[in-house]
Every structure is written in C-alpha cells, then in structure tokens.
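Residue numbers (my numbering), protein chains in the order written: chain A, 1 to 398; chain B, 1001 to 1366.
Quick reminder that beta carbons are idealized off the backbone N, C-alpha and C, glycines included.
Read the structure below first, then the notes.
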C-alpha cells in the first residue's frame, strides 16, 4: 500500500445519451430507447437504455441488429449538441470539488479527492455529494467508484449500476477482486484471457496464485502489469489536461481490426479529439506519437517531432498519418489497439515567434475553431474530416 | 585517351572542391562519379547531382593524351588522398582509370564518359561581376539563416537581388532573416531576383579562394551560372515565392542599444548554458543601467549575466533564442552592433554597418 492512501473517484454517467433524452422528454421514461445512427445505413447504437438492454441490445451494436432484438424500441438520433451541454454542466460540478479532474469521455471522468478531506470531509461523503449535486442540478444519475487507485475506482463504478456508489476499502481489495473474471483486468483482452484460461485461470483470484516470474515469462512486461493489477496495485496519476505532459487517446477494439483504412479512420477521430483538447487548454504540441498494439499484445510506438509546436488539427493529423503510413507500408498487421498522443506541450503563443504569419495556417486555425464550436454545440460525429467519412467506422469499446 | 601526370596536392585539393556536389543517394551510379577531362594543359574535374554541377580546373599537370574518363568519386578521392609522392600518373583504359604513384598502382572501374550528364555552358555576357571576397562575405552573412529543419519555410535557398551596382542576399527560416549587401564590379542594367539553392552556394563558396579575383554571374530563367577563370558552377534555381521580406524588416524603433559585438556574444554564450529545453529562450532586460540577461530551466538551474550597453529608450524585457543572435554576431565583422527594438512581441533588428541587417523574432517566455 502507498504511504499515503489516495482517494480516486471514477464517475460514469448512467446510460448517458438515453438518460438525456428521458430528461428532455419524460414520456420516454421506462421505454426501451436506442440512441444512435440510422438503421438503414451502417449506423450503430451509441447508447441503449436499460430497458432495451434487457433485450440484449448494447452500444456499438449495428442499429439494424438492435431493432431486430427489440422491435418495440424507440430509435432516436444522436443529439451531440445537447449531450455536450449537459456534459459541461456535469464537469462544472466536478470542478467545484477538486481541480484534479481527468476527462475520459463526454460522460466519464476520474477525480482525485486525495487531500480534500480537511475542506470537504471524508471522501466517501464527498463522493455522495457529487452524485447528489449531479442529480439535483442536472437531473441525471451517475455510478461512482471510490478506491485507492484508478483501476479499482473504474472497476468499482461498474459494480452497482445504475446510480451506484461503490467504495473499495483498502483492506478489502482482494475480497472485491478475487471472484471477478480476468477480463475485468485493465488490458486483458480475449487473447490473454484465452491463454490464461489454458492454464486454468478464470478469475482474478486464481491469477493471483500465479507466480510473478511465470506471468512475465508468459506475457513479458504485461505480465508484471497483470501481477500488480491482480493485487489491486496501480499508481497512475489523475492528470487534468492542462497539467498533462501529454494529451492522448487510445481505442481498444473488441476484435483485431484487419483493415488499414478502418484503423486510419479511428486514428483520425483520435487526432481530432487530441487537437481539440490541446486547443481547449491553450496548448500547442511539438511531438506526435502513434501507438499500435497487435493481437499478441506486442506494442510499438512511433513518434514524429514537428518543426514548431502546433494545435492545428491538420498538422497533427499529417504527422500521425505519415507515421501510420510508414508503419503500414512496412507490413500492416491486424490491430488490437490504436492510440495517438501529443506531447512536448507548451502554452500556445509562447516559444519562438514567427516572422511571417502563414495565411494557410491562419485559415486552418479558423476552420479548427469553427469545427470546435460546431462540436461544442452539436457533439462529435456531426462533423469530421473527409478521411473519416470514407473510412469505415468499426465498433470500438472504451 | 587520357594520359597525364598531375601534382598530387593540387589534385587532392581539386577533388575536395568538387566532391561534395556528388549525389549522396541516387539510383544512377554514374552520378556518384567524377568526370576527368584532360585538355591541352589542364585537367578539369566535374561533378553533378543534376541539380548542381561544378567544374574545377587543375593546371599543375602535364597532359600526354587528351580525353575524358569517369571514375567513382569515393574510390578516386581516397586513392589521391592516401597516395605518397609529389605526382600521380592518371591514365584511362577503356572504362577504367589507372592511378599510379611511385609505389602503388590502382585500376578503378568506371563508366563510359558518354553516360555522364553534360554541363550547361556559360554563354554570352555575365549579368554582373563581383569580387570573390565580396561575394564570399555576402554568402557567409546569409547562408546560416536558411532553414535547417523541415518547416514550411524550408525553401532551402537564398534570395539574390541585384539592382544597379548592388547585390543583396537575403535568407530566412521564418524566425530570423539575414540581409547582406555588397558592391559589384560591373553590373548590367538587368534587375535580378532569384532563389539560389543552399547546395549551390556552398559549392560557390569553395571556389572563392582569392578575394581579389573577379568572378562572373549570369542568370537564366531556371539557372544560375557562376564562373571564375578556373572553375564554374551551374545550378537550378529554387522555384517558388520567397516570403515578402521587406514587410518584416522593422522601419522604426523606439529603443536602441549599441553593444560591443564581442561583449554581447560572450554574454549570450554564458546565458545560454541554462536555458529551458523547450523554449530555449534567454530574457534580455534593457534599461538605462545596462543589459542583464537571465535564463532559467526547471531541470537545470538559472543564470544572470550583465553586459555593458549604450541604451536609449524605455526599459524593456524581451526573450530571444541566444543561438540566433550568436550566429549573426559571428558573421557581422564589425566591433559594435546596434540592436533596434520596439516591443517584447515585435521583431528585433540587429545592424552592423550599412550592409548587414538581421531581423529576429523574439521568444515569448510566457
């Protein structure tokens, strides 16, 4: 256990898109809802309400399939603008309790409550107050997990959905982890799970019986990672964007993606997001890193450093795309995880000045700001670069 | 058929002058060769990468048979360099070159001279002539300011502007800009404005040995042709638009500092030791009391250095990349410089004499 116990809270909004729809239209309460893309096209479900989940519908499922499972469901389009507004309200509440808020997505965040005791009282009470504030002020429920680290907090928030508040006492970590299937471990996917199953390991408790060296032998450095996680150990910090040394995003696919164009499509979405987060915090990045993990968990990274720091989507994308193309040319392999990270961050406008303003970049800057405004109002997905429209959007979790 | 005896030292020097032009990577092996042309009383070495072509003549030579030969540059230059003795004999046999000294004989396989690309000829009158010393100074004072890394200003060349009897060279990497002017010996009526690639400039620089020699320059639509008694360079011009440099040279300033070149250089050198890895900036604080430079790095520490300066105007704090100023100070060739400033976010103008101006954008230290 760390010298000082940390108090990390993971907040996950319940059936977020569907919940906002119910909030705006109370008649929808208690009905199965499918929020997502057009069933006639290749649309997928973004959120299925709990009532629809009973029928086996879930997010990332093709909309057509979901409707077959639950023909009586009400299908609603994604209203990104509205969800964005609500999300901002929620994050504004988080900010009142701690400056250490790390957004994971529009409806999910880590909050570090360590050291807030003196001001706010015990973290358990603060967690309950945050939930209450979200309910009172926004009208939505969240499931939260409070634990000594990120891994356990995220695990905990998922245990009592919806409207859950799960506290992981430092002394009861093993009790919580042991019965859980190994798939619940951060980073364990189907391939690893199958390999572990091969040696009779199905639960985290069973995994804990395996020797550290044995795990490293089987999985390399990931083995060490699993060994630590199985003991509930995770020392990652909660990093708000503006204090981050890097801003990144990764996506793990439910199965390995065999199509380079699909992977590039996901990467573009990530770079757009990363660039947007840089701009939101007034940061410019100098280095772009591409991370690729294969089905066998072998992970590679490729970086490119730019001549000058930038927050322009087109420049960050050009760097990421060239890294991707170089890698793909050398031999594309199906991809388990892809990620894009911007680092070498500095406050925009600081650093070496430029003699000649680049009119093209000035236009790109305006374009980026316009896109940001549209995304703020209407949500992600309503606007994107051409490349992403052409690329097939695969199902993705996280 | 080539047959000659040559002074080894002179040949070594000539190879050193032309060899940097040889293509570094190319699918055509003949471009990694030198062409040797034995004339009546001279041997001319030629190298080209199709962008830049250089020729250099060796006169310390006795020719028994005239003709051409093409030989791989790396092997030939190494043989000349490590051979012993005053002279070397060079003969061409078929497509091979035989180099012989007192104690060694090398037969190097080469190519048919007919495969070697031809060189553009310098026909007619030059656009202007200039003393080698003047041209060399113009190049030295600007070349360092060209873009070294890949940025949108990587035009990889220096702008030449000629009007009347003046030639000025301008180079920029988008963050600083150097402009140097010099007098011509003879200048025609034609105005010239062309971007000369960096590689051609370094080739020309190697040919400017005797500062009093008068050299000739001519431009065509697409090429620069440079000519001395013993040597020539032809190179394709850089296509594209040079940034509008006139707009960024400050015309006025409300703060002026006169500083001894060497003092400023040494102060910058000291202050640059502990700069921040990311911004690489040094803070310059000007006031009636003088100039104090300070730098700090969260990882390394901090420094504060004073420098004598004659300063007029309101006190000002401004950040600069010390390397940018130091690189310019190395080439000003004047005991004092004037630094004209307006504001912390406006470019500074470094002046040395009437013929050198250097604009540098500040670093915003946040």
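Q. Is the region 1127-1136 of chain B touching the region 1045-1063 of chain B, taking contact as three or more C-beta pairs under 8 Å?
A. They do not touch, by the three-pair rule.
**Q.** At least three beta-carbon pairs within less than 8 Å, the region 1260-1271 of chain B to the region 1324-1341 of chain B
**A.** In short, these stretches touch, since the Cβ pair count reaches three.
Q: Output yes if chain A places a C-beta closer than 8 Å to the C-beta of residue 1177/B; else output no.
A: True, the Cβ-Cβ gap to chain A drops below 8 Å.
Q) Assuming residue 107/A contacts residue 141/A under a Cβ cut-off of 8 Å, what Cβ separation, rounded to an integer in Å, is found between them? A) Not quite, the Cβ-Cβ distance comes to about 12 Å (not below 8 Å), so this is no contact.
Q | Residue environment, residue 1059/B, which counts as buried when at least 16 other CB atoms sit within 10 Å | A | By the neighbour-count criterion, in which a residue is buried when 16 or more other Cβ atoms sit within 10 angstroms of its Cβ, residue 1059/B is exposed.
Q: Using beta-carbon positions only, say whether residue 134/A and residue 90/A come within less than 8 Å of one another.
A: The beta carbons of residue 134/A and residue 90/A sit closer together than 8 Å.
Q) Since residue 355/A meets chain B, which of its residues come closer than 8 Å, beta carbon to beta carbon? A) Within 8 Å Cβ-Cβ: 1172, 1174, 1175, 1176, 1177, 1243, 1248, 1347, 1359 and 1361.
Q: Just grab the DSSP bridge partners of residue 8/A for me.
A: DSSP, once it has assigned bridges, lists 112/A and 147/A as partnering residue 8/A.
Q: Can you grab the Cα-Cα spacing for the pair residue 349/A / residue 194/A, in whole Å?
A: Whole-angstrom Cα-Cα distance: 50 Å.
Q: Examine chain B for any beta-carbon lying closer than 8 Å to the beta-carbon of residue 393/A, and answer yes or no.
A: Reliability fails at residue 393/A, whose pLDDT of 43 lies under 50, so the model's placement of it is uncertain and the value that follows must be treated cautiously. No, its Cβ sits nowhere closer than 8 Å to a Cβ of chain B.
**Q.** Cβ pair residue 1208/B, residue 1132/B closer than 8 Å
**A.** Contact annotation: residue 1208/B and residue 1132/B have beta-carbon atoms nearer than 8 Å.
Q: From the DSSP output, in three-state form, read off residue 281/A for me.
A: Correct three-state label for residue 281/A: coil.
Q: Taking 8 Å as the cut-off, decide whether the C-beta atoms of residue 238/A and residue 100/A are in contact.
A: It is a contact, given that the beta carbons lie within the stated cut-off.
Q | Continuous beta strand (DSSP E) stretch holding residue 1075/B: start and end | A | First-last for residue 1075/B: 1073-1082, but that is the alpha helix (DSSP H), not the beta strand (DSSP E).
Q: Would you be able to state if there are at least three C-beta pairs under 8 Å between the region 210-229 of chain A and the region 318-335 of chain A?
A: The region 318-335 of chain A vs the region 210-229 of chain A: no contact.
Q.
Can you tell me whether residue 78/A is buried or exposed? The criterion is at least 16 other CB atoms within 10 Å of its CB, across all chains shown.
A. It counts as buried.
Q) Is the shortest distance between the beta-carbon of residue 396/A and the beta-carbons of chain B less than 8 Å? A) Unreliable positioning characterises residue 396/A in this predicted model, as indicated by a pLDDT of 41, which lies under 50. The coordinate reading is nonetheless provided below. Judged by the 8 Å Cβ criterion, residue 396/A is not in contact with chain B.
Q. Checking contacts by CB at 8 Å: is residue 270/A closer than that to chain B?
A. False, the Cβ-Cβ gap to chain B never drops below 8 Å.
Q: Would you give the residue range spanned by the beta strand (DSSP E) that residue 1255/B belongs to?
A: DSSP places residue 1255/B in the uninterrupted beta strand (DSSP E) bounded by 1255-1260.
Q) Can you name the residues of chain B whose CB is closer than 9 Å to the CB of residue 351/A? A) Those are 1278, 1279, 1280, 1281, 1363, 1364, 1365 and 1366, listed as they occur along chain B.
Q. So is residue 1372/B in contact with chain A if we call contact Cβ pairs under 8 Å?
A. Past the boundaries of the shown model lies residue 1372/B; chain B is included only from 1001 to 1366, so the question cannot be answered.
Q | Contiguous alpha helix (DSSP H) assignments of at least 4 residues, all confined to the region 256-341 of chain A | A | With a minimum length of 4 residues, the continuous alpha helix (DSSP H) runs that stay inside the region 256-341 of chain A are 260-280 and 313-331.
Q: Can you give me, in chain order, the residues of the region 321-353 of chain A that have a beta carbon less than 8 Å from any beta carbon in chain B?
A: Result list: 344, 346, 347, 349, 350, 351, 352 and 353.
**Q.** Where the beta strand (DSSP E) containing residue 1160/B begins and where it ends
**A.** 1157-1163 is the span of the beta strand (DSSP E), which, as asked, contains residue 1160/B.
Q.
By the three-class DSSP mapping on this structure, what secondary structure does residue 1227/B have?
A. Of the three classes helix, strand and coil, the one that applies to residue 1227/B here is strand, per DSSP.
Q | Counted within 10 angstroms of its Cβ, other Cβ atoms place residue 249/A as buried (16 or more) or exposed | A | Its Cβ being crowded by 16 or more others within 10 Å, residue 249/A is buried.
Q.
If I measure Cβ to Cβ from residue 1163/B and keep anything under 6 Å in the same chain, skipping five residues before and after, which residues do I get?
A. The beta carbon of residue 1163/B sits closer than 6 Å to the beta carbons of 1191 from its chain, once the five residues preceding and following it are set aside; these are given in chain order.
Q | Residue range of the alpha helix (DSSP H) that includes residue 210/A | A | Counting along the chain, residue 210/A falls outside any alpha helix (DSSP H), and DSSP gives it neither H nor E.
Q | Start-to-end residues for the beta strand (DSSP E) that takes in residue 1283/B | A | Note, residue 1283/B: beta strand (DSSP E), 1282-1287.
Q. Thinking C-beta only, is residue 1038/B closer than 8 Å to residue 1070/B?
A. No, these two residues do not count as a Cβ contact at 8 Å.
(Q) For residue 199/A, count the other beta carbons within 10 Å of its own beta carbon; 16 or more makes it buried, fewer makes it exposed. Which is it? (A) Burial check for residue 199/A: the Cβ neighbour count within 10 Å stays below 16, so the residue is exposed.
Q. Should residue 113/A be labelled buried (16 or more other beta-carbon atoms within 10 Å of its own) or exposed?
A. Label assigned to residue 113/A: buried.
Q. Taking the alpha carbon of residue 453/A as the point to measure from, which residue in 368/A, 247/A, 295/A and 218/A has its own alpha carbon closest?
A. Residue coverage of chain A in this structure runs from 1 to 398, which leaves residue 453/A outside it and unanswerable.
Q: Jot down the residue ranges of each uninterrupted alpha helix (DSSP H) in the region 71-145 of chain A, minimum 4 residues, whole runs only, in chain order.
A: If we require 4 residues or more, the alpha helix (DSSP H) runs fully inside the region 71-145 of chain A come out as 80-97, 117-120 and 123-137.
(Q) With distance defined between alpha-carbon atoms, name the residue in 311/A, 168/A, 103/A and 36/A nearest to residue 127/A. (A) Comparing Cα positions, the closest option is 168/A.
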